[in-house]
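Okay, so the sequence shown: first residue is 68 according to the numbering used here, each after it adds one.
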Amino acid sequence: MRVDDTDGHVPALGIRSQSRSELHLALALLMTSVAGFLDAVGFTHLAGLYVSFMSGNSTRLGIAIAQGDRQIFLPVALVIFSFVFGAFLGTLISEIVERFKCAAILAIEIGLLVSAIVLTRYVEGYLGLLPVCAAMGMQNAAHETVAGVEIGKSFVTGFLFGLGKALAQLVHGGGSRPQALVYGASWVSFLGGVTLGCLALAQFGLSIALCTACTVLAGLAIGAVLDQRRPLEPAPRSLPG
Numbered sequence: 068m069r070v071d072d073t074d075g076h077v078p079a080l081g082i083r084s085q086s087r088s089e090l091h092l093a094l095a096l097l098m099t100s101v102a103g104f105l106d107a108v109g110f111t112h113l114a115g116l117y118v119s120f121m122s123g124n125s126t127r128l129g130i131a132i133a134q135g136d137r138q139i140f141l142p143v144a145l146v147i148f149s150f151v152f153g154a155f156l157g158t159l160i161s162e163i164v165e166r167f168k169c170a171a172i173l174a175i176e177i178g179l180l181v182s183a184i185v186l187t188r189y190v191e192g193y194l195g196l197l198p199v200c201a202a203m204g205m206q207n208a209a210h211e212t213v214a215g216v217e218i219g220k221s222f223v224t225g226f227l228f229g230l231g232k233a234l235a236q237l238v239h240g241g242g243s244r245p246q247a248l249v250y251g252a253s254w255v256s257f258l259g260g261v262t263l264g265c266l267a268l269a270q271f272g273l274s275i276a277l278c279t280a281c282t283v284l285a286g287l288a289i290g291a292v293l294d295q296r297r298p299l300e301p302a303p304r305s306l307p308g
């Protein structure tokens with residue numbers, strides 16, 4: 068059983084644990100917002116394609132195959148391939164790097180966005196934004212788990228399904244209210260990112276919009292490093308029996 072300290076250390080551990088969970092939630096929600104931001108920016112420059120919503124792109128690919136539309140087939144295929152490659156690379160990094168995994172993935176994401184900024188100045192069309200698609204694939208490997216929910220990803224359909232499921236379980240007398248709130252907050256974060264992405268693109272143009280995303284990701288990477296440098300919390304003391 069757990070021993071209750073009278074000197075206040077156990078409550079302090081609980082407070083630090085809650086604080087760390089809140090930090091992870093904030094970082095993950097910001098990552099989701101960035102995904103929405105970049106999806107809105109990419110949508111305008113990819114002829115109606117997405118940089119993170121691969122379900123929609125897969126639908127477009129199937130339609131292109133059925134209609135024999137060679138003009139859209141190659142762009143869609145390359146966008147999907149770039150996303151899959153990013154997911155592969157991000158997962159590989161998370162398996163190899165023992166510490167600072169999230170920061171390492173975010174740093175490479177920033178590099179990909181910078182390369183997209185350069186490419187879009189010299190390459191017209193969708194090719195310049197393929198690095199952004201790869202970055203979004205990578206980001207799904209840099210997620211966090213809060214209240215039993217994986218957040219920081221760009222799977223919005225999963226958030227909405229999870230929200231409906233959590234609400235049904237709450238009505239039935241089970242489930243978790245924090246879990247439902249996290250699902251809802253994730254969707255709102257993505258929606259907010261899309262809105263800000265549209266506004267930034269309209270007001271400042273593509274390069275500034277991508278630079279804005281880089282700045283946010285840099286802040287997230289710094290936050291991830293600082294979080295990893297914090298000492299691990301000792302396990303609570305217990306007595307046998």
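The C-beta atom is built at its ideal place from N, Cα and C for all residues, glycine as well.
- In this structure residue 101 is in contact with residue 260, their Cβ atoms being roughly 6 Å apart against a cut-off of 8 Å.
- A contact between stretches requires three or more CB pairs, one per stretch, nearer than 8 Å, and the region 142-161 fails this requirement with the region 227-241.
- In the DSSP assignment, residue 127 falls within the unbroken alpha helix (DSSP H) covering 121-134.
- For residue 206 against residue 98, the beta-carbon gap comes to about 6 Å, under 8 Å, which counts as contact.
- Contact fails between the region 152-165 and the region 135-142, because fewer than three Cβ pairs, one in each stretch, are under 8 Å apart.
- Per DSSP, reduced to three states, the secondary structure at residue 115 is coil, with no helix or strand assignment.
- Contact annotation: the region 242-250 does not touch the region 187-194, with fewer than three C-beta pairs closer than 8 Å.
- For residue 273, the closest C-alpha among the options 172, 181, 289 and 226 is that of 181.
- Residue 132 and residue 285 have their C-alpha atoms roughly 39 Å apart.
- A direct Cα-to-Cα measurement between residue 276 and residue 161 gives close to 28 Å.
- Under the 10 Å beta carbon count, residue 224 is surrounded by fewer than 16 other beta carbons and is classified as exposed.
- A Cβ-Cβ distance of about 6 Å is found for the pair residue 203 and residue 105, placing them in contact under the 8 Å criterion.
- For residue 178, the enclosing alpha helix (DSSP H) begins and ends at 168-189.
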